[in-house]
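The structure appears right after this line, and notes come after that.
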């Protein structure tokens, strides 16, 4: 009897627990938002996309409250931190890429030093992903790249 209870408990745990390396949603959910993604780190609400792009994983960083900043507001904030903004397509090796529109930036990704054509991004309180493009999102999700920062 004890063995049966133990087996049942293990089966319930196995099928109801989210593993540290598991995805929150099925692959199809992520596929509908990005055409190129690879799992990089587990979901957490401790930090977000901008924090990760700034090499911060201990706190959420979004100085604009609950609104989406304009590209000019992002420029000012990142300039204060020492970054220079360039229009999308300017031939540089960026460190940070902003996404959305010039009137509403919705997301950021980080381009690691020496990265050739890929970026890494934290999706809000979801997982962190490696994208094999600097323009990996469908426009209905985070939007197109707006600017790059170095």
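Residue numbers (the working numbering): 3 to 152.
A virtual CB, placed ideally from N, CA and C, is assigned to each residue, including glycine.
Between the options, which lies nearest to residue i when the distance is taken from Cα to Cα?
i: residue 106; options: 78, 88, 70; result: 70
i: residue 25; options: 135, 129, 136, 146; result: 129
i: residue 126; options: 38, 28, 116, 55; result: 55
i: residue 97; options: 84, 112, 83, 108; result: 112
i: residue 95; options: 119, 110, 62, 81; result: 119
Could you compute how far the alpha carbon of residue i sits from the alpha carbon of residue j?
i: residue 89; j: residue 103; result: 12 Å
i: residue 143; j: residue 33; result: 11 Å
i: residue 92; j: residue 72; result: 19 Å
i: residue 60; j: residue 49; result: 6 Å
i: residue 141; j: residue 51; result: 17 Å
i: residue 116; j: residue 99; result: 15 Å
i: residue 45; j: residue 35; result: 16 Å
i: residue 47; j: residue 31; result: 19 Å
i: residue 82; j: residue 74; result: 12 Å
i: residue 29; j: residue 63; result: 27 Å
i: residue 67; j: residue 85; result: 21 Å
i: residue 27; j: residue 121; result: 21 Å
Might you give, ordered along the chain, the residues of its own chain that have their beta carbon closer than 6 Å to the beta carbon of residue i, omitting 5 neighbours on each side?
i: residue 87; result: 77, 149, 151
i: residue 109; result: 51, 101, 144
Excluding the 5 residues preceding and the 5 following residue i in the sequence, name in chain order all residues of the same chain whose CB lies nearer than 7 Å to its CB.
i: residue 43; result: 129, 130
i: residue 58; result: 49
i: residue 65; result: 79
i: residue 40; result: 131, 132
i: residue 139; result: 35, 36, 101, 145
For residue i, I'd like the list of residues in its chain whose CB is within less than 8 Å of its CB, leaving aside the five on either flank, ordered along the chain.
i: residue 21; result: Only weak support exists for where residue 21 lies, its pLDDT of 38 falling under 50; the value from the coordinates is given anyway. Excluding positions up to five away in sequence, the list is empty.
Are the beta-carbon atoms belonging to residue i and residue j less than 8 Å from one another?
i: residue 146; j: residue 137; result: yes
i: residue 38; j: residue 134; result: yes
Extract the residue ranges of the beta strand (DSSP E) inside the stretch 22-52, only unbroken runs of 3 or more that lie entirely within it. Listed in chain order, they are 40-43.
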